[in-house]
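There are 2 protein chains.
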Amino acid sequence: MLFKSLNLSIDADRLLGRIRELGQIGRDDDSALTRLAASEADKAGRNALVDWMKDAGLEIAVDRIGNVFGIWRGSDNGDHAPILVGSHIDTVINAGIYDGCYGVLAGVEVIETLRSAGFVPSRPIAVAAFTNEEGVRYAPDMMGSLVFAGGLSVEEALATVGTDGTLLGAELERIGYAGAEEPGFLQPHAYVELHIEQGPVLEREGIPIGAVENLQGISWQRVTIEGVANHAGTTPMAMRHDAGHAAARVMTFLRDRVSGSNAPTVATVGCINFEPNAINVIPSRATFTVDLRDPDEMRLKNEETALADYLIELASAEGVSISVEQLARFEPVIFDNTIVELVEQAAKQRGLSSKRMTSGAGHDAQMIARICPAAMIFVPSAHGISHNPREYTSGPELVNGANILLDVVGKLAGLD
Amino acid sequence: MLFKSLNLSIDADRLLGRIRELGQIGRDDDSALTRLAASEADKAGRNALVDWMKDAGLEIAVDRIGNVFGIWRGSDNGDHAPILVGSHIDTVINAGIYDGCYGVLAGVEVIETLRSAGFVPSRPIAVAAFTNEEGVRYAPDMMGSLVFAGGLSVEEALATVGTDGTLLGAELERIGYAGAEEPGFLQPHAYVELHIEQGPVLEREGIPIGAVENLQGISWQRVTIEGVANHAGTTPMAMRHDAGHAAARVMTFLRDRVSGSNAPTVATVGCINFEPNAINVIPSRATFTVDLRDPDEMRLKNEETALADYLIELASAEGVSISVEQLARFEPVIFDNTIVELVEQAAKQRGLSSKRMTSGAGHDAQMIARICPAAMIFVPSAHGISHNPREYTSGPELVNGANILLDVVGKLAGLD
Chain C
114 MLFKSLNLSI DADRLLGRIR ELGQIGRDDD SALTRLAASE ADKAGRNALV
164 DWMKDAGLEI AVDRIGNVFG IWRGSDNGDH APILVGSHID TVINAGIYDG
214 CYGVLAGVEV IETLRSAGFV PSRPIAVAAF TNEEGVRYAP DMMGSLVFAG
264 GLSVEEALAT VGTDGTLLGA ELERIGYAGA EEPGFLQPHA YVELHIEQGP
314 VLEREGIPIG AVENLQGISW QRVTIEGVAN HAGTTPMAMR HDAGHAAARV
364 MTFLRDRVSG SNAPTVATVG CINFEPNAIN VIPSRATFTV DLRDPDEMRL
414 KNEETALADY LIELASAEGV SISVEQLARF EPVIFDNTIV ELVEQAAKQR
464 GLSSKRMTSG AGHDAQMIAR ICPAAMIFVP SAHGISHNPR EYTSGPELVN
514 GANILLDVVG KLAGLD
Chain B
114 MLFKSLNLSI DADRLLGRIR ELGQIGRDDD SALTRLAASE ADKAGRNALV
164 DWMKDAGLEI AVDRIGNVFG IWRGSDNGDH APILVGSHID TVINAGIYDG
214 CYGVLAGVEV IETLRSAGFV PSRPIAVAAF TNEEGVRYAP DMMGSLVFAG
264 GLSVEEALAT VGTDGTLLGA ELERIGYAGA EEPGFLQPHA YVELHIEQGP
314 VLEREGIPIG AVENLQGISW QRVTIEGVAN HAGTTPMAMR HDAGHAAARV
364 MTFLRDRVSG SNAPTVATVG CINFEPNAIN VIPSRATFTV DLRDPDEMRL
414 KNEETALADY LIELASAEGV SISVEQLARF EPVIFDNTIV ELVEQAAKQR
464 GLSSKRMTSG AGHDAQMIAR ICPAAMIFVP SAHGISHNPR EYTSGPELVN
514 GANILLDVVG KLAGLD
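In order, the protein sequence lines correspond to chains C and B. So the first sequence is numbered by my numbering: it starts at 114 and just counts up by one. So the second sequence is numbered by my numbering: it starts at 114 and just counts up by one.
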């Protein structure tokens with residue numbers, strides 16, 4: 114497919130100004146940015162977004178799970194399924210200003226640019242801000258897009274009790290974003306999500322555009338090892354059943370296995386706890402989490418099996434008992450190759466290098482991929498940092514990404 | 114040296130009854146036993162002890178750090194340095210009934226037995242209950258014996274602020290055990306401490322008496338590893354600086370090194386903490402403790418050096434920074450061989466097998482060994498468990514140990 118450029122570019126100042134402005138909403142006394150889903154800060158952020166959507170001439174729709182849509186319908190394309198772009202504007206605690214917000218505001222920007230250039234789309238173009246992508250206040254994460262894609266009933270989602278004891282449904286009512294539309298009222302023709310990479314690969318390789326072809330499968334497990342608490346001074350090494358030591362063995366096993374292969378598998382032990390957690394007592398219990406990810410489902414399953422086998426062997430060798438709880442499990446998502454190719458072509462046409470890559474993080478796109486062809490565009494993250502005030506992508510890099518989104522949406526909504 | 118038996122035995126019912134009775138003092142609503150140093154419960158325990166000492170006809174003395182002494186002075190041996198026996202009666206939280214109390218009550222029992230048998234000692238015999246051996250409420254542990262032996266000034270010790278914000282000096286005043294004697298007012302001729310093993314060795318080998326010839330040196334360190342927090346999904350394995358993984362490497366290094374040698378060294382990681390401790394974030398910081406023990410100072414130093422060298426290597430390999438804080442350091446203590454031989458001979462004479470062994474735990478004896486010849490006698494601990502309600506030594510085993518103490522004290526205070 115030959116890619117025809119629109120010879121348009123987005124308004125860099127308008128986009129970057131809105132990103133900065135949205136990033137000031139939800140600052141606490143220490144100037145930390147936190148807009149948890151369905152909070153007062155989220156309400157203020159949503160209100161700002163809706164104002165910008167209205168400025169862009171978009172029709173506003175809110176569904177029952179609080180997803181906000183800005184829709185540009187042409188006079189005679191209303192019968193066609195829309196092109197959907199977007200992401201989320203809720204944040205983690207003490208967040209950066211780019212994660213999610215960039216994709217939503219770039220979506221508004223792209224529609225505004227197309228519209229003011231007199232572009233005539235063959236189908237509606239809509240931008241979505243999905244509710245509760247971060248999952249900090251209400252679990253699971255990516256909830257709004259999951260409900261929109263039919264993966265979770267809206268009733269169940271609204272009944273979610275938050276970490277602060279609140280009910281999501283009541284909080285959405287309170288902030289005025291319990292909408293009337295049934296989730297899924299829009300059936301997209303295609304979905305494209307522009308996002309910061311949140312990893313170090315593009316920056317390290319000096320590549321401005323990531324053409325995201327798939328998204329890692331995720332396996333989250335909690336491992337509990339039960340040993341025997343005993344005196345650290347009086348218990349010979351050979352007579353110990355040390356739950357903490359066994360936990361360390363699992364950690365080094367995972368690292369050695371994953372680092373020793375050429376596969377893109379990643380394994381992380383992020384949480385750990387010992388009991389009784391006393392300097393002179395051999396731990397009787399160790400609890401830790403395992404985060405395993407791989408873009409290939411077969412390989413992810415193999416890693417899970419290898420871990421399970423090792424735990425059996427370890428329990429026997431150390432005289433401990435080990436139990437495992439599955440906390441989350443998502444299969445890898447393969448994005449639509451046609452859209453991925455459009456991203457590559459758009460980059461090439463603008464003289465930007467691009468790289469096919471895997472998303473290591475979860476995104477709304479993985480949910481929307483259940484109901485339509487979908488893909489993502491990544492831009493570099495400085496030092497790979499996100500979910501942190503130091504999250505940073507330079508203005509020119511943000512503008513590059515938004516222009517690629519513009520080209521891809523123009524192509525998808527083009528008449529040819 | 115040929116050992117001459119006194120042909121005496123302690124009163125088993127009296128000793129075991131007092132152990133049980135003291136073990137009922139300081140029970141909470143859930144019937145858990147806790148007598149933290151200088152608490153109300155400790156006061157009640159001390160009062161019971163003093164009553165028993167008085168019943169045994171002992172002169173009571175309390176020093177400024179609250180150590181309680183019951184002294185049996187003969188009519189014409191007052192010029193001689195006393196034989197001191199004893200241990201402590203403070204406990205950990207949710208304790209067993211034997212740790213410490215056994216040695217103190219057996220000391221009272223031994224003196225009472227000798228006295229009522231008309232034994233004429235060549236020098237005074239005294240029994241001590243040292244303040245705050247456990248160190249749970251006030252650090253350091255073994256405080257009373259350390260002050261008594263001149264290793265810590267009484268003023269500094271009394272100024273210790275507890276985990277509950279209290280001042281030890283004020284608490285001793287409050288419970289009526291801020292005594293008048295200067296610590297060290299007694300200069301012992303010898304010290305013998307009878308104690309449960311708190312380890313599994315005697316039980317496993319079926320040996321009733323441990324002749325404790327030395328006490329392990331202890332090195333406590335807190336290791337802090339600083340890495341880089343990053344997204345668990347988007348950060349390739351090769352680009353990680355995972356503080357948690359580095360901590361696991363230290364743990365397996367220590368275990369492999371110590372278990373792979375024939376030396377009696379023990380190494381334990383009892384406490385651990387990750388930051389930010391989130392399932393999907395690579396730990397930026399791991400903090401953990403290392404408890405290293407060995408009866409040989411040179412070997413203990415070698416282990417400390419090997420750990421330090423490994424940390425340097427690991428910091429470089431993993432791109433993390435590592436700092437170490439020394440929390441405690443005690444050199445090994447060599448007990449007095451003459452007393453150890455007396456223990457062995459007494460056991461033999463009573464037809465009991467004995468084993469020369471190392472104390473893996475810290476005890477008041479290690480402090481008193483600074484000022485006079487000292488040794489310890491161990492009896493088996495069921496399953497090696499202590500500092501726990503399941504701490505248990507059978508009645509006959511307790512009686513055996515007390516009779517060996519009787520014989521050894523009789524010998525040390527004999528006229529020959």
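Note that CB positions come from ideal geometry on N, CA and C, so glycine has one too.
Could you name the residues of the segment 325-346 of chain B whose beta carbon sits closer than 8 Å to any beta carbon of chain C, in the order they occur along the chain? Q329, I331, W333, A342, N343, H344, A345 and G346
Cβ atoms of A208/B and L146/B: under 8 Å apart, would you say? yes
If the criterion is Cβ atoms closer than 8 Å, does the pair L413/C and S332/C meet it? yes
When the cut-off is 8 Å and only beta carbons count, does G357/B lie next to chain C? yes
Output needed for G191/B: all residues of its chain with C-beta closer than 8 Å, excluding positions within five of it in sequence on either side, in chain order. P237
Quick one: residues in its chain with C-beta nearer than 8 Å to the C-beta of A272/C, no 5 flanking neighbours on either side, listed in chain order? L280, L281 and G282
I want to see whether chain C comes within less than 8 Å of C384/B, judged by CB atoms only; does it? yes
Residues near H476/C by beta carbon distance below 8 Å, same chain, minus five either side: S200, E246, M255, E306, H308, L328 and M489
Along the chain, which unbroken stretches of the alpha helix (DSSP H) at least 4 residues long are found entirely within the segment 117-204 of chain C? 125-135 and 153-168
Residues that D404/C contacts on chain B, provided the C-beta gap is smaller than 7 Å: A345, I392 and N393
V521/C: buried (16+ other C-beta within 10 angstroms of its C-beta) or exposed? buried
Apart from the five residues just before and just after P509/C, which ones in its own chain have a Cβ nearer than 7 Å to its Cβ? none
Interfacial residues, the segment 244-270 of chain B to chain C, with Cβ spacing under 8 Å: none
Any chain B beta carbon closer than 8 Å to P234/C: no
Count the C-beta pairs between the segment 362-377 of chain C and the segment 348-363 of chain B that are closer than 8 Å, then say yes if the count reaches three, no if not. yes
How about I395/B and T348/B: are their beta carbons less than 8 Å apart? yes
Is there a Cβ from chain C that is less than 8 Å from the Cβ of L115/B? Bear in mind that the predicted position of L115/B carries a pLDDT of just 42, short of 50, making it too unreliable to give a figure here.
Please give the ranges of any alpha helix (DSSP H) in the segment 354-387 of chain B, keeping only runs that are unbroken, at least 4 residues long and fully inside the region. 356-372
Taking DSSP as the reference, what is the three-state secondary structure of I238/C? strand
Taking C-beta pairs closer than 7 Å, name the residues in chain C that G216/B reaches, listed in chain order. The contacting residues do not exist; G216/B stays about 16 Å from chain C at best.
Just the chain B side, please: which residues come within less than 9 Å of I498/C by C-beta, in chain order? V341, A342, N343 and H344
A342/B beta carbon less than 8 Å from that of P397/B: The sequence shown places Ser at residue 397/B, rather than the Pro named in the question. Their beta carbons are under 8 Å apart, which means S397/B touches A342/B by this criterion.
According to DSSP, is S436/B part of a helix, a strand, or is it coil? strand
Please list, in chain order, the residues of the segment 302-316 of chain C that have any C-beta partner in chain B closer than 8 Å. E310, Q311, G312, P313 and V314
Under 8 Å, do C485/C and H302/C count as touching if we go by C-beta distance? yes
Taking the CB atoms as reference points, tell me whether A419/C and V446/C lie closer together than 8 Å. no
Alpha carbon to alpha carbon, what distance is there between T378/B and K461/B? 29 Å
Going by DSSP, name the residue or residues bridged to I210/B. In the DSSP output, where bridge partners are listed per residue, I210/B has none listed.
Rounded to a whole number of angstroms, what is the C-alpha to C-alpha distance between R463/C and L162/C? 29 Å
For I435/C, which residues of its own chain have a beta-carbon under 6 Å away from its beta-carbon, when the five flanking residues on both sides are left out? I338, L424 and A428
Under a CB-based cut-off of 8 Å, is A474/B close to chain C? yes
Is it right to say E153/B is buried, meaning 16 or more other beta carbons lie within 10 angstroms of its own, or is it exposed? exposed
I249/C and I178/C look like a contact to me (Cβ under 8 Å); what is the Cβ gap, rounded to whole Å? Position check: residue 249/C holds Val in this sequence, whereas Ile was assumed. No, V249/C and I178/C are not in contact; Cβ-Cβ is about 17 Å, not under 8 Å.
T226/C and L455/C closer than 8 Å at C-beta: no
Quick one: which chain B residues come within Cβ less than 9 Å of V379/C? A345, G346, T347, T348, P349, M350 and R353
Which chain C residues sit within Cβ distance under 9 Å of P396/B? T381, V382, G383, C384 and I385
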